[in-house]
Structures are given as C-alpha cells and as structure tokens.
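First comes the structure, then the notes that go with it.
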Amino acid sequence: MRRALPTLSLAALVGALCLDVGAADPAEPPEAVAEDAAPLTLRLATVAPLGTPWSEQVEDVRTRALAVGATVTPHFSPQGCSEWDLLAAIGLGEPGAIGPHAACSLKSPLDGALLPLPLLAEAFALPSLRLLELPMLLSAPPTRASGRDSDPGAASAALADRALDAVMMEEVALRLEAEGLIVVGWSEIGFRHLYTSGAARTASERAQLRVRAPKDPLGVAILEPFGWRSVQQLSASNLGPFLKGAQLDGFDGTPLFAGTLLSASDVEGRLGDITLTFHSYEAAVIVLRKDRWDTMSDAQQFAIRGDLATNGAEARQAVRALQLDLLRVLSARGRRVSRLSAEEHARVTEAAERARARFTQEPEEAALYARIREALSDTL
2 MRRALPTLSL AALVGALCLD VGAADPAEPP EAVAEDAAPL TLRLATVAPL GTPWSEQVED
62 VRTRALAVGA TVTPHFSPQG CSEWDLLAAI GLGEPGAIGP HAACSLKSPL DGALLPLPLL
122 AEAFALPSLR LLELPMLLSA PPTRASGRDS DPGAASAALA DRALDAVMME EVALRLEAEG
182 LIVVGWSEIG FRHLYTSGAA RTASERAQLR VRAPKDPLGV AILEPFGWRS VQQLSASNLG
242 PFLKGAQLDG FDGTPLFAGT LLSASDVEGR LGDITLTFHS YEAAVIVLRK DRWDTMSDAQ
302 QFAIRGDLAT NGAEARQAVR ALQLDLLRVL SARGRRVSRL SAEEHARVTE AAERARARFT
362 QEPEEAALYA RIREALSDTL
C-alpha cells in the first residue's frame, strides 16, 4: 500500500519502506538434494539497511536456499563497513587504498555480497563493465507527463532494461566468472540527476554553477557535457562541507545519495533545484565466490540463483519505486523539480556522444558499446 510519503522524513522513509521483491517461481522444480549431501552454509552481505529493496533481495536468496536445505546467513548494513570492505571480506579483487577499513565490524570471511557494478569494474580492472554509466546513453528524450504522479523515468528505465537484457547481463556474468565470482542476482543503484543551488535547465544557467564530480575520469566525463562554470573532483565525504561553505553549487547522484547527503550535511536551504536528467546509470549484482558455487549441487545452484531475468526485473522495479518516492519527498520540501527541454536534451546528448568516444576506443569496449547501441536502437 502506498504511503503518504511527503509526511515522512528521509530517514524514516528509507527505514520504513519494505517493498515486496519476492522471487518468481522457478520454471521447473529442482531435483531433490541427496540426503547425504554436505550441508551448505553461506554468508552474504549488503551495506543496505533492512526494509530496502537491496536487503529484500538478499533475503530472497536466503528464502530460496532454505527450500533446498541450505543456510544463508545475511548481514545487513554491517557497522562501519563500505562496499569495498565487503569485497575485501570475499577475498577477491583489489580494494586498494579505498578499503578495507579497520572500523568494519565484519570479522569472518564472506561468500558473497550485493555490490555496485562500477565497484567491481574498478576492483577487477574491467572498464567494459562501466559502459552503462556513459553520459546520456540511457537518458530518453523528455516527453509530456501523463499526470502529476506519472513516472518521469519510465522511458529511461526501459532503455536500461533493454541494455541489460540484450547485452550486459550475459557480458557481466562471463567477465566476473573469469575473476572468480558468479552472478546470482541483479539489481541497480539507479539513475543520476542534478541537485543545484540555482536553475540548471539551460546552458547559460549551468555556466554559472560549480559542481562536484567523483575522483574518477569517467565521473568527470559524465558531467562535462552539461557545460558548467567548473567541475571539481572531490570525495563524497568532503562534499557536504564544500556545499555548506558555498565553495560548490551542486552535484549529481541518485535520489537516495542526494537525500542522505542533504539530510546529513545541513545544506537543505542552499540547494533548491533538482533537474531530472537520467544522465548516468549504475547497475548492481549479487555475487558468490565461484569456488563455493562449484561445490553446490545442481538443485542448490538452481534455487539460489533462481530466474535471473525475472527476479532482476522485479528488483529493479522495487529500487525505482523507492527512488521515485525519495524524489517526491525531496520535492515536497520546497525544491523546484524540472527537466531539460527536448532541444536542450538533444544538445547535451550530442556533447555526451563526444565524451563517450574517449571511453570506447579500445577494441573490447568499442565492440560492446556497438552492441549496446544496436540494442537501444530497437527501443528508442
């Protein structure tokens, strides 16, 4: 049942929303597990708190595992842990200087976790897994809303689903298996938008604003096509103070990232404009160590992974519903919410195509990018 969301605080919303992302019935029942099969116990984690779509996905894996006599111990929002810490606890990849942190409360190894695809791409040096982040690639041209409560992101979400179903789900599974990880679930972090201290719908308005980008070449390229006064690379931990001190005029991110930042950094009054751009997209996956996966019976594998396409689609819908609810909460606090005009969207997209070229020059990325573009041409 839909809540009267504008009356909730952001923290209450994230904590209270418990969206149903139940697993679909398998196409055919798995074979029974032999009575003498070794007991299967797995430890999975997510930095997401209970009651969010991401925690529900991990809980779904636990439920499916129970049906074949396996035990999955979930860890939700472990204290002091980042997603890099979870990867370090799995024991694969190169967390590097970002982690692990001594403050992380996880003391035992993990068998798997729900992780953003960009993090895995960085950890395993797989730039092709970041192609869906390319600027404006999945941003559909704006159309007239059918009503006040319609979803402005439906068309862009359809593009993301098409890119995943036609190309990236298979590609990601192959790349990560080669690195020792098996994909057992799909989710998403979501689309990024602009949050600024002034209007950002036109090139002349954006030329007056200074915005933050992550310390990452692609993060800068994602914002460059909009044409800002300046783009400053800054860690997320320093973003709040820079906004509060008027050293920056805005940033980009998902509604969840924006809402969390604005609530925690005491800059509510400065950033009064939200421009819905859908200019970059991040997927997420649940992964298990391949060496653990290879010890499972066929029935255990079938149950734990379930129907990847169906469950992934349901999980993404739950995340999108949460992000849309968060946007409504943010806009209910007096912020102006707008979209680029069709003409402005076209101009930014044209500039973005030039920026994308810098990240699709290598043969592997070029071939995969061409496949994505071909798949999207059927949806646009």
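Quick note on the working numbering: the sequence shown kicks off at 2 and runs consecutively.
The C-beta atom is built at its ideal place from N, Cα and C for all residues, glycine as well.
This structure is a prediction, so every number in the text was calculated from the model and none was measured.
- Per DSSP, residue 55 is one residue of the alpha helix (DSSP H) stretching across 54 to 67.
- With 16 or more neighbouring CB atoms inside 10 Å of its own CB, residue 60 falls in the buried class.
- When only Cα atoms are considered, residue 197 and residue 276 end up about 8 Å apart.
- The DSSP-derived three-state label of residue 318 is helix.
- Distance check between residue 55 and each of 44, 78, 42, 71 places 78 closest, using alpha-carbon atoms only.
- A contact between stretches requires three or more CB pairs, one per stretch, nearer than 8 Å, and the segment 183 to 199 meets this requirement with the segment 309 to 329.
- Rounded to the nearest whole angstrom, the CA to CA distance from residue 200 to residue 207 is 7 Å.
- Its chain contains 228 as the residues whose beta carbon lies nearer than 6 Å to that of residue 204, once the 5 sequence neighbours on both sides are disregarded; these appear in chain order.
- DSSP places residue 185 in the strand class (E or B) of the three-state scheme.
- The bridge partners DSSP lists for residue 129 come to none.
- Excluding the 5 residues flanking it on each side, residue 76 has same chain C-beta neighbours closer than 8 Å at 44, 45, 46, 47, 107, 111, in chain order.
- If you draw a straight line from the Cα of residue 183 to the Cα of residue 252, it is about 34 Å long.
- Annotated three-state conformation of residue 308 is coil, per DSSP.
- Excluding residues up to 5 positions away in sequence, 178, 181, 182, 183 lie with their Cβ nearer than 7 Å to the Cβ of residue 291 in the same chain.
- Residue burial is scored here from C-beta neighbours: residue 317 has at least 16 other C-beta atoms within 10 angstroms and is therefore classed as buried.
- Fully contained in the segment 324 to 360 are the following alpha helix (DSSP H) runs of length 4 or more, in chain order: 343 to 357.
- Taking the CA atoms as reference points, residue 261 sits about 29 Å from residue 126.
- In this structure, the beta-carbon distance from residue 367 to residue 361 falls below 9 Å.
- Setting aside the 5 residues that flank it on each side, residue 168 is surrounded in the same chain by 369, 372, 373, 376, each with a C-beta closer than 8 Å to its C-beta; the list follows chain order.
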